[in-house]
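Trainee:
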Amino acid sequence: AQSVTQLGSHVSVSEGALVLLRCNYSSSVPPYLFWYVQYPNQGLQLLLKYTSAATLVKGINGFEAEFKKSETSFHLTKPSAHMSDAAEYFCAVSDGANNAGNMLTFGGGTRLMVKP
Amino acid sequence: GAVVSQHPSWVICKSGTSVKIECRSLDFQATTMFWYRQFPKQSLMLMATSNEGSKATYEQGVEKDKFLINHASLTLSTLTVTSAHPEDSSFYICSALLSSGLTDTQYFGPGTRLTVL
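As you go down the protein sequences, you meet chains A and B in turn.
Each residue of the first sequence is one higher than the last, beginning at 129 in our numbering.
Each residue of the second sequence is one higher than the last, beginning at 9 in our numbering.
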């Protein structure tokens with residue numbers, strides 16, 4: 129069974145500051161990992177995904193995430209927050225080679241707030 | 009590319025009526041689609057996996073007779089909430105699975121907000 133834990137249901141940063149959203153996972157097989165962003169009253173948009181290639185993954189809107197197997201983490205970062213980054217962010221895991229992207233287990237989500 | 013639409017985006021209905029929600033993959037074919045439910049300030053809960061041409065697979069605790077899923081083509085899946093009640097009010101989101109080489113990725117629709125009076 130897989131699970132995802134997102135530490136911090138709410139994160140607040142100032143505009144221009146570093147964004148760090150934490151995600152830890154548990155999986156019995158090498159996982160595939162995803163970050164999605166959700167704006168109010170909208171569906172989820174894929175930010176980036178890790179599928180066992182490079183451990184540092186670059187996504188859209190300046191976001192990137194690093195897969196650290198030893199820490200079972202896949203934290204999302206952005207060097208400089210923009211007001212438009214304010215949204216809900218979800219980390220998700222699938223069971224890798226057996227079912228890449230098929231069955232996703234989502235974390236509880238982190239709401240990012242950006243202060244002017 | 010990889011655009012998924014949902015219709016309607018917002019629906020209000022009376023208790024006891026049925027509501028159909030459509031999920032379409034606009035620029036790719038999807039043999040597999042998923043239906044999720046999201047309560048306010050919560051994460052997504054998978055309701056069922058919809059496979060083209062076969063019966064949907066429901067998650068534990070989801071009533072298959074209440075939430076009817078039909079995946080009649082490679083670009084369309086529908087979710088019908090039958091005899092809706094106020095507790096069915098929620099945000100329903102679908103996703104379509106895009107197969108690309110070694111990796112399958114779910115692309116999500118914009119969601120449908122259902123309010124049952």
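Even for Gly, the Cβ is constructed at its ideal location relative to N, Cα and C.
(1) How many Å lie between B/Phe36 and B/Leu106 at the Cα?
(2) For A/Lys177, which residues in chain B fall below 8 Å Cβ to Cβ?
(3) Just by C-beta distance, which residues in the stretch 41-60 of chain B are closer than 7 Å to chain A?
(4) Going by the CB atoms, is the gap between A/Gly187 and A/Leu172 shorter than 7 Å?
(5) On a CA-only basis, which of A/Lys243, A/Gly190, A/Phe218 and A/Phe195 is nearest A/Thr183? Give me that one, please.
(6) Does the distance from the CB of B/Ala64 to the CB of B/Ile77 come in under 7 Å?
(7) Do the stretch 194-209 of chain A and the stretch 142-156 of chain A touch if we need at least three Cβ pairs shorter than 8 Å?
(8) When the Cα of A/Tyr245 is compared with those of A/Ser222, A/Gly235 and A/Thr233, which residue comes out closest?
(9) Hey, is A/Phe112's beta-carbon within less than 7 Å of any beta-carbon in chain B?
(10) Excluding the five sequence neighbours on either side, which residues of its own chain have a C-beta within less than 8 Å of the C-beta of B/Cys128, listed in chain order?
(11) Is A/Glu192 helix, strand or coil by DSSP?
(12) When the Cα atoms are used, what is the spatial distance from B/Gln50 to A/Val185?
(13) Is the beta carbon of B/Ser98 sitting closer than 7 Å to the one on B/Arg32?
(14) State yes or no: is the beta carbon of A/Leu149 nearer than 7 Å to at least one beta carbon in chain B?
(15) Contact defined as beta carbons within less than 8 Å: I believe B/Ser85 pairs with B/Ser58. What is the distance between those atoms, to the nearest angstrom?
(16) Within 7 Å (strictly less), CB to CB, does B/Ile20 reach chain A?
(17) Determine the chain A residues that contact B/Arg121 at a beta-carbon separation under 8 Å, and present them in chain order.
(18) Can you check which of these residues, B/Gly24, B/Ser62, B/Pro48 and B/Ile29, is closest to B/Thr40 by C-alpha distance?
(19) For B/Ile101, would you say it is in contact with chain A, using Cβ-to-Cβ distances shorter than 7 Å as the test?
Mentor: In brief:
(1) 7 Å
(2) By Cβ distance, chain B contributes Thr111 and Thr113.
(3) Ser51 and Leu52
(4) no
(5) A/Phe195
(6) yes
(7) yes
(8) Here chain A covers residues 129 to 244 and nothing more, so residue 245 of chain A does not appear.
(9) The structure shown does not extend to residue 112 of chain A, since chain A spans only 129 to 244, so no value can be given for it.
(10) Since the displayed chain B opens at 9 and closes at 125, residue 128 of chain B lies outside it and no answer follows.
(11) DSSP places A/Glu192 in strand when its eight states are reduced to three.
(12) 26 Å
(13) no
(14) no
(15) 4 Å
(16) no
(17) Asn169
(18) B/Ser62
(19) Answer yes: the Cβ-Cβ gap between B/Ile101 and chain A drops below 7 Å somewhere.
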